[in-house]
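In what follows, a single structure is set out as structure tokens and then discussed.
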Amino acid sequence: MGVGRTADRVPLSHRGRGALVAATSVCVLALVAWLPPADAEGEGRQQPRTNLQVCLWRTHVPGEREALKQLVFSFQRANPDVVIALEWQDAELAGEYVRRWLGSYRSHAPDVTVLPDLWAWEHRNELMPLPRDLVLRLRRQCESSVVDRAGGALRGVPWTVSTLALYYRPDLLEEAELEVPATPAELVTCADELADPPGRFGLGVPAPGRGCEELVHALTWAQGPAEDVEGDARYLPGIDLLVDLQSRGAVQPEVLTWSETELVELFADGRLGLLIARPWAARILEEKDAERDRLAAAAEAEEKPEPPPPLPWAVAPLPLAEDGSGQVQVEWLVTFADTDRPHVAGRFLRFIAGGECQRTLAALYGVPAISRHRRQFADDPRWAGHVATLPGAAGLPLGEWKPVRQRLGQALRWTLSGRLSAAEALLEAGTQEDEEGA
137 MGVGRTADRV PLSHRGRGAL VAATSVCVLA LVAWLPPADA EGEGRQQPRT
187 NLQVCLWRTH VPGEREALKQ LVFSFQRANP DVVIALEWQD AELAGEYVRR
237 WLGSYRSHAP DVTVLPDLWA WEHRNELMPL PRDLVLRLRR QCESSVVDRA
287 GGALRGVPWT VSTLALYYRP DLLEEAELEV PATPAELVTC ADELADPPGR
337 FGLGVPAPGR GCEELVHALT WAQGPAEDVE GDARYLPGID LLVDLQSRGA
387 VQPEVLTWSE TELVELFADG RLGLLIARPW AARILEEKDA ERDRLAAAAE
437 AEEKPEPPPP LPWAVAPLPL AEDGSGQVQV EWLVTFADTD RPHVAGRFLR
487 FIAGGECQRT LAALYGVPAI SRHRRQFADD PRWAGHVATL PGAAGLPLGE
537 WKPVRQRLGQ ALRWTLSGRL SAAEALLEAG TQEDEEGA
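Numbering (the numbering used here) for the sequence shown: 137 to 574.
Listed below in structure tokens is the structure:
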């Protein structure tokens with residue numbers, strides 16, 4: 137195919153890991169103008185430029201692509217010796233791509249990409265450590281709960297910071313003369329009072345494998361994990377709370393089938409009174425608000441009698457017991473350790489660590505990583521519930537969540553289907569895994 141001859145014609149500064157992919161399968165955002173010569177001897181010569189291949193994941197957040205393009209353009213303008221080659225891939229395929237990049241397709245991997253904290257921890261030996269000054273800067277300016285998610289040495293810059301919050305329908309609470317729940321016990325009572333099956337349920341719960349395991353973890357830590365127990369038995373409080381809700385008819389009977397995205401749709405339609413979700417839910421609801429506004433404007437212009445009403449929704453902090461803690465998840469912008477342009481990649485990470493970039497990312501995806509931005513976001517009703525639990529928030533256990541999630545998912549299927557009690561299901565799931573391992 138002539139690859140060798142093509143490579144021979146590429147300047148040395150353009151070669152290296154990912155160069156062929158950058159030349160064939162990526163979208164080059166901008167070509168940089170010639171730099172003026174440094175002296176008379178260099179007049180007429182082109183300033184060497186370096187390609188930096190960046191892969192980002194399409195999450196379908198409204199406005200995501202345009203905002204990130206502008207972010208990258210800003211770096212491009214400040215660093216005219218670098219050409220950013222930006223590749224977009226679907227977030228659903230991220231696991232498959234990362235597996236290949238760390239395996240037989242290492243030469244096709246980008247220089248920089250975004251990894252969830254669990255993946256960044258699992259593959260930490262394949263990632264480039266951050267320079268010491270950047271590490272100190274991040275530890276100084278970021279929330280401790282955010283940098284703690286790195287699990288030790290920082291190998292990335294915060295990209296997305298997410299916390300769980302309680303989404304509720306103010307109209308339904310007002311109709312039932314209820315207050316917004318602030319504790320796990322109040323959550324159960326409120327969900328029970330709001331439930332009016334089969335048309336409406338109190339709290340939406342995703343299926344095992346579709347987010348239920350993470351919800352159980354959050355509910356467990358919101359109450360405080362079971363004391364004096366080890367292993368999966370720590371999750372008994374969270375499972376017992378779901379079983380209590382299920383026994384009251386407060387959660388949808390199809391608890392073994394619904395996904396988190398479907399639950400947001402049910403919430404918007406008024407079929408759920410409460411929903412525990414990450415900030416992406418607010419983005420979906422905002423888009424639905426905007427769509428209703430457009431339909432209302434069209435109905436008014438055509439003099440239709442009944443334009444669609446506004447969508448009532450609000451966000452409150454995740455209900456916590458006195459000793460409970462919120463949940464935080466961090467996605468990191470990272471560089472692979474074997475990149476042949478570490479200094480350029482480091483400059484890009486430094487740029488993203490800056491205050492304005494972090495503010496942009498927080499407004500786009502979730503809550504701020506930088507402490508001084510917290511007050512600004514706490515004043516915004518959309519993010520106040522998410523920001524409230526950020527200080528001191530915990531997260532999924534790094535390095536051990538993958539097997540725990542598998543066992544917890546199996547235990548939840550048995551428990552929520554009524555086959556076993558929570559304690560029996562957790563014990564059986566652990567025993568089954570031990571037998572399969574043997």
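Just so it is clear, CB atoms sit at the ideal spot from N, CA and C, and this is done for glycine as well.
Contact between the segment 506-514 and the segment 486-495 is present, with at least three C-beta pairs closer than 8 Å. Pairing glutamine 359 with alanine 245, the inter-Cα distance amounts to about 42 Å. Boundaries of the alpha helix (DSSP H) harbouring glutamine 542: 537-552, taken from the DSSP string.
A Cβ-Cβ contact shorter than 7 Å links leucine 408 with phenylalanine 337. With 16 or more other Cβ atoms inside 10 Å of its own Cβ, proline 320 counts as buried. A residue is called buried once 16 or more other Cβ atoms fall within 10 Å of its Cβ, and threonine 567, having fewer, is exposed. Between valine 250 and glutamate 467, the C-beta spacing is below 7 Å. Here tryptophan 468 carries a strand assignment [DSSP, helix/strand/coil]. Fully contained in the segment 363-393 are the following alpha helix (DSSP H) runs of length 4 or more, in chain order: 372-383. For proline 527, the three-state secondary structure derived from DSSP is coil. Fully enclosed beta strand (DSSP E) runs of no fewer than 3 residues occupy 218-226 and 248-252 of the segment 215-296, in order along the chain.
The segment 265-283 and the segment 392-399 do not touch, with fewer than 3 CB-CB distances between them shorter than 8 Å.
With contacts defined by Cβ atoms closer than 7 Å, aspartate 217 and arginine 194 do not form a contacting pair. For tryptophan 193, no alpha helix (DSSP H) encloses it; the enclosing beta strand (DSSP E) starts and ends at 186-194. DSSP places alanine 498 inside the alpha helix (DSSP H), whose first and last residues are 491-501. Residues of the same chain with a CB within less than 6 Å of the CB of threonine 525, apart from the 5 flanking positions on each side, are Thr299, Pro453, Leu454 and Gly462 in chain order. In the DSSP assignment, leucine 339 falls within the unbroken beta strand (DSSP E) covering 337-340. Close CB contacts of alanine 481 within its chain, under the 6 Å cut and outside five residues either way in sequence, are with Asp247, Val248, Thr471 and Thr475 (chain order). Nearest to leucine 308 by alpha-carbon distance, out of Leu544, Gly292, Lys538 and Leu410, is Leu410. The Cβ atoms of valine 293 and alanine 489 sit closer than 7 Å to each other. For the pair alanine 221 and asparagine 187, the CB atoms are nearer than the 7 Å cut-off.
Counting C-beta atoms within 10 angstroms of its own C-beta, alanine 227 has fewer than 16 neighbours from the protein chains shown and is therefore classed as exposed. Nearest to glutamate 311 by C-alpha distance, out of Leu323, Asp332 and Trp295, is Asp332.
Cβ contact annotation for tyrosine 233 (same chain, cutoff 8 Å, sequence separation greater than five): Cys191 and Gln225, in chain order. Judged by DSSP in its simplified three-state form, serine 557 adopts coil rather than helix or strand. With a contact defined as Cβ atoms closer than 8 Å, valine 282 and valine 464 qualify at about 7 Å.
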